[in-house]
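Structure record follows, encoded as structure tokens.
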Amino acid sequence: MKAKAYILECLTNLHVGNGEVNFNVIDNEIERDAVTNFPTINSSGVKGALREFFEHKKIDKDVIDTIFGSSDRETSQGQLKFLSANLLAQPLPETAGDKPYKLAVPQEAATQFQVLTETFLCTSSLFKDIEKNYNLQIVSNDEYEAHDLPVLARNCLNNGKSENLWYEEVVPHKTIFYLIVVSQYDNLELLNQFDQVVANQVVQFGANASIGYGLCKMTGL
1 MKAKAYILEC LTNLHVGNGE VNFNVIDNEI ERDAVTNFPT INSSGVKGAL
51 REFFEHKKID KDVIDTIFGS SDRETSQGQL KFLSANLLAQ PLPETAGDKP
101 YKLAVPQEAA TQFQVLTETF LCTSSLFKDI EKNYNLQIVS NDEYEAHDLP
151 VLARNCLNNG KSENLWYEEV VPHKTIFYLI VVSQYDNLEL LNQFDQVVAN
201 QVVQFGANAS IGYGLCKMTG L
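For the sequence shown, the residue numbers in UniProt numbering are 1 to 221.
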């Protein structure tokens with residue numbers, strides 16, 4: 001099994017909705033991990049966004065179908081597997097010093113990162129490199145959970161009159177996710193081909209693309 005890992009750095013706010021109807025104050029909530037309750041981009045959303053990016057880049061259809069699978073007359077499975085994009089760090093208010101925020105890593109997120117990278121990439125040194133490059137700070141789970149995600153008011157106007165006011169939860173820009181892509185057939189050539197297309201590129205994930213949400217820079221680890 002071969003795998004590559006990527007950092008997804010949110011350049012703009014991100015909203016990947018959970019698709020649930022609720023009657024809370026927040027009308028549109030984000031996707032969250034079923035175990036940790038941290039923000040996440042589920043694997044189906046990751047795969048869909050990346051396939052759309054490849055199609056926009058006009059990559060050869062045979063290559064796209066090999067990587068992501070085909071749903072034409074003869075359905076075929078993609079040769080690369082996309083795990084969910086998990087939270088690594090999120091900006092939290094900084095009370096000391098002259099910086100307005102710190103990139104905080106919940107302890108549970110750091111542990112999960114170590115487990116997944118050791119399992120799929122057979123390395124335990126990646127976190128130290130990322131911690132240094134992005135100036136990350138590990139915080140307790142309680143400190144992280146003490147801060148709610150931003151909630152923004154959205155409005156639909158008709159001739160200047162409000163027709164539909166709603167509230168939407170977002171993951172703030174500067175947040176960092178990580179993504180692992182796996183080749184179950186040890187196809188390193190295909191992984192490298194995928195990497196050549198996405199490395200250091202800006203990919204749009206989630207909803208509200210027309211207002212600039214979900215723009216993330218992908219950086220290989």
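For glycine and all other residues, C-beta sits at the position ideal for the given N, C-alpha and C.
Keep in mind the model is a prediction, meaning the values are calculated, not measured.
Ala-85 is the residue among Asp-98, Ala-85, Ser-76, Ala-49 whose C-alpha sits nearest the C-alpha of Phe-38.
In this structure, Asn-13 keeps its C-beta atom at 8 Å or more from the C-beta atom of Glu-31. Straight-line measurement puts the Cα of Glu-94 at about 42 Å from the Cα of Gln-184. The DSSP assignment places 136-139, 151-158, 161-169, 176-183 as complete runs of the beta strand (DSSP E) inside the segment 126-190, in order along the chain (cut-off: 3 residues). A check of alpha carbon separations from Lys-57 across Thr-219, Val-203, Leu-165, Cys-216 identifies Val-203 as the nearest. Fully enclosed beta strand (DSSP E) runs of no fewer than 3 residues occupy 80-82, 85-93 of the segment 43-98, in order along the chain. When secondary structure is reduced to three states using DSSP, Asn-28 falls in the strand class. Under the three-state reduction of DSSP, Ala-5 is assigned to strand. Between Ile-59 and Leu-80, the CB-CB gap reaches or exceeds 8 Å.
Of all alpha-carbon atoms in Ala-109, Lys-99, Lys-2, the one lying nearest the alpha-carbon of Val-35 is that of Ala-109. Collapsing the DSSP output to three states places Leu-116 in a helix.
Segment contact: the segment 189-201 against the segment 99-114, fewer than three CB-CB distances shorter than 8 Å; contact not assigned.
Residue burial annotation: Glu-169 is buried, with at least 16 other C-beta atoms found within 10 angstroms of its C-beta.
Rounded to whole angstroms, the separation of the alpha carbons of Asn-208 and Glu-145 is 26 Å. The beta carbon of Thr-123 sits closer than 8 Å to those of Thr-117, all from its chain and outside the five residues before and after it, given in chain order. Val-115 counts as exposed, since fewer than 16 other C-beta atoms from the protein chains shown sit within 10 angstroms of its C-beta. Counting along the chain, Val-16 sits inside no beta strand (DSSP E), nor does DSSP assign it H or E at all. Spanning the alpha carbons of Ala-104 and Leu-92 requires a straight line of approximately 6 Å. For Thr-40, the beta-bridge partners assigned by DSSP are Asn-86. Among the bridge pairs identified by DSSP, Leu-11 is matched with none. The C-alpha of Leu-188 lies about 47 Å from the C-alpha of Asn-155.
Taking all protein chains shown into account, Thr-119 has fewer than 16 neighbouring C-beta atoms within 10 Å of its C-beta and is therefore exposed. Annotation: the continuous beta strand (DSSP E) that includes Gly-220 extends over 215-220.
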